[in-house]
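Under my numbering, the first residue of the sequence shown is numbered 19, with each subsequent residue one higher.
Cβ coordinates follow ideal geometry from the N, Cα and C atoms, glycine included.
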Amino acid sequence: MTTSTETQAETRAFEAEVAQVLHLVTHSLYSHKEIFLRELISNASDACDKLRFESIASPDLLAGDAELRIDVSWDKDARTITIRDTGIGMSRDEVVANIGSIASSGTRRFLEAMGSEQKADARLIGQFGVGFYSAFVVADRVTVLTRRAGAAPEDGVKWDSDGRGEYTLESATLPERGTTVVLHLKDGEDEFLDGWKLRGLVRKYSDHVAFPIRMPKEAPAGDDDSDDKKADAAPEWETANDASALWSRPKSEISDEEYQAFYKSLGHDFNDAAAWTHNRVEGSQSFTTLLYLPARPPFDLMMGGRDERKGLKLYIKRVFIMDAAEELLPNYLRFVRGVVDADDLPLNVSRELLQHNRQLERIKGACVKRVLDLIEKLSRDEPEKFAAFLRAFGNTLKEGIVEDASNRERIAKLLRFASTKSDGEAQTVSLDDYVGRMAPGQDAIWYVTADGYRAAAGSPQLEAFRAKDIEVLLMSDRIDEWMLGNLHEYAGKPLKHVAKGELPLDAADKARQEEAAKAAAPLLEKLKRLLGDRVEDVRVSARLTDSPSCLAMSEWEMAPHLAHLLREAGQDVPENKPTLEINPAHPLLRQVETETDDARAADLATLLLEQALLSAGAQLVDPTAFVQRMNRLLAGAA
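Next up, the structure:
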């Protein structure tokens, strides 16, 4: 039994963000109270994993007790639940960093996510490293006793708090390493003082934990002497979980429910996984992978930034090595959750060695293949689930077009886009769909980019394509322009932007275009004079049938909406003078041609340019002047 002697007591205030988390957790997670046991057992399992890894290099850390285990007990009279592990434990500084303050930006991101949801969502708890605080859902006081492995007994620490803004910190003499968490239950939480209830929660959430979770053996019903025996003797412990690594078992012996339960603990998610793949590779290099596709994106996928991503859990011969081995999957698959258990890597492998390990590169290649296979299978067999997956992770997957040249075609095959032949934004097509129904003689995949679906669908640059019944893909996600800089062709067909370069015209169209340009030569000269150095050129458009004007870009020019976004983000983007294309048959152009008042003609010419810029997603330099110009022209027409 752990005992303690306390000295050096001090009271500290929680950091502001931690206090906010505690308030949200204790007041909002009433519908998911049982989450506390899953989170505390998960923390205990991590502590045992870390000690097992550190003991490879320093075996004396296990001195006195080589068994790694988790004990869960309860005391009906004291109204407490106790979770104890024989893991790595914590020093005084680690207790302050991990419980009393913000060890990383996780707590702040948690608050931001909760704010955006308008209410607390239990699936967010573990994702942000704040799972410990879920203890306060059922407890009005929590006590932690901990001693780091390898530290002297007198270097133990006692932490105690009612979760209302302050905690006490004391030195304690603890004869055993590890961490003990004691929950003093609130009134009305007596259901968690029932052994059958706690055993059910262990089996539901933590059966897969690879360390034995022990609970006191309860006497059979009708044993009248059980209370007297309990008072006089130490409890007899029995293991309440399977205590084996789920991924090491044959697939035929694992039910879907067990796979889903393991995922929920692994990803700290209340939702089921969308799909998973479990494989064992034998040969010169042997390893096991169990990889999951989440159904919904974790809130930290994008909020933490590309530098704060989570990788797979890496084990070597079932010994935990690291929690987020980023080397096992490329960044664009960072939403994948799972474990890799390798047989052939050295147990003392470090992060530095991982970065330069050829065996790991082969494992990474296999993981990427398995994930892409899984997504392809989802697209074939479960189209509704696949559509939901793309809504959640499609933009992240698009990063692979840039980052993973060897799988570019496979990734492109999985993407879906709206098109001019879709019925609204929700109906999308694959690149294979597009290629399969290309018009006779069409040799390119045409697309338009814009900062939003409506802007893309309403682009004046589509008019000639609609007139010729040529399908155009509508690329409206902000990442699309960057992605397309690396996706130049698909299935042997080049991808071309409808606003870039010259349109392919047949002989008849080319003759009509040349004739129209010749007839409009005086108008073109007038517009060039009126617009001056604000434009690179003015020319007759082959793209327009209804609108008066649009922008045309060179083959490698950046779309205006993307240039605007990059400038807003502080990037140095060179200014390009636009090329204005006009439709001489439009009444506005005829008005410019016949207008004798130079000021009014200048207003009309500038308006044509500004309309084209707005349609292309560019930012007007002087919106006020634009409004005043519109008012003058409208007043003159009245």
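Buried/exposed call for residue i, threshold 16 Cβ in 10 Å
i    : result
S76  : exposed
P641 : exposed
L657 : Residue numbering for the chain in the displayed model covers 19 to 656; residue 657 lies beyond these limits and cannot be assessed.
N504 : exposed
M648 : exposed
A436 : buried
G183 : exposed
D524 : exposed
N594 : exposed
R355 : buried
H506 : exposed
G6   : Outside the displayed range of the chain (19 to 656) lies residue 6, so it cannot be described from this structure.
E489 : buried
K514 : buried
E188 : buried
A643 : exposed
S304 : exposed
D590 : exposed
S494 : buried
G383 : exposed
R608 : exposed
A252 : exposed
G174 : buried
E135 : With a pLDDT of only 45 at E135, under 50, the local geometry of the prediction cannot be trusted, and no value is derived from it.
D551 : exposed
V645 : exposed
I463 : buried
G454 : exposed
Endpoints, the beta strand (DSSP E) within which residue i is located
i    : result
V162 : 157 to 165
L308 : 305 to 312
W464 : 463 to 467
E194 : First-last for E194: undefined, no H or E at that position.
M493 : 491 to 493
Y350 : Where Y350 is concerned, there is no enclosing beta strand (DSSP E), given that its DSSP letter is neither H nor E.
Y333 : 330 to 334
M233 : 231 to 234
D359 : 355 to 360
Whole-Å CB distance - residue i paired with residue j, under 8 Å assumed
i    : j    : result
P315 : D422 : Going by Cβ atoms, the distance from P315 to D422 rounds to 20 Å, so no, they are not a contact pair.
L311 : L392 : 6 Å
R56  : S283 : 6 Å
E72  : I106 : 7 Å
L346 : L332 : 6 Å
L396 : Q377 : At roughly 29 Å, the Cβ-Cβ gap does not stay under 8 Å, so L396 and Q377 are not in contact.
L625 : L651 : 7 Å
Residue range of the unbroken alpha helix (DSSP H) whose run includes residue i
i    : result
G174 : Looking at the DSSP string, G174 is not in any alpha helix (DSSP H); the run it does join, the beta strand (DSSP E), is 174 to 179.
K539 : Residue identity differs from the one stated: residue 539 is Ala in this sequence, not Lys. 539 to 549 is the extent of the alpha helix (DSSP H) around A539.
V386 : 376 to 399
W214 : 213 to 224
D450 : 449 to 454
K68  : 53 to 75
A293 : Premise fails: A293 lies in the beta strand (DSSP E), 291 to 299, not in any alpha helix (DSSP H).
L632 : 616 to 633
V704 : What the structure shows of the chain is the stretch from 19 to 656, and residue 704 is not part of that stretch, so it cannot be assessed.
CB contact flag (residue i, residue j, <8 Å)
i    : j    : result
R694 : S266 : Absent from the model: residue 694. The displayed extent of the chain is 19 to 656, so no value can be given.
A426 : L390 : Note that residue 426 is Arg in the sequence shown here, rather than Ala. Not a contact, by the Cβ cut-off of 8 Å.
T597 : V553 : yes
F229 : C66  : yes
H227 : I334 : In the sequence as presented, His is not what sits at residue 227; that position holds Val. Taking 8 Å as the Cβ cut-off, V227 and I334 do not qualify as a contacting pair.
A258 : V220 : yes
A190 : K176 : yes
T104 : V200 : no
A279 : K222 : yes
T467 : A577 : yes
V639 : L622 : no
V386 : M501 : no
T186 : A27  : yes
A473 : G635 : yes
Y471 : E443 : yes
A343 : L330 : yes
E573 : G519 : yes
Would you check if there are 3 or more beta carbon pairs closer than 8 Å linking the segment 474 to 492 to the segment 556 to 575? yes
Segment contact flag, the segment 164 to 173 with the segment 182 to 200, C-beta cutoff 8 Å, min 3 pairs: yes
At a cut of 8 Å, does the segment 149 to 160 reach the segment 76 to 94 through at least three beta carbon pairs? Verdict: no, contact absent.
Take every Cβ of the segment 210 to 221, pair it with every Cβ of the segment 50 to 60, and state whether three or more of those distances are shorter than 8 Å. yes
Do the segment 548 to 566 and the segment 525 to 536 meet, that is, are 3 or more Cβ pairs less than 8 Å apart? yes
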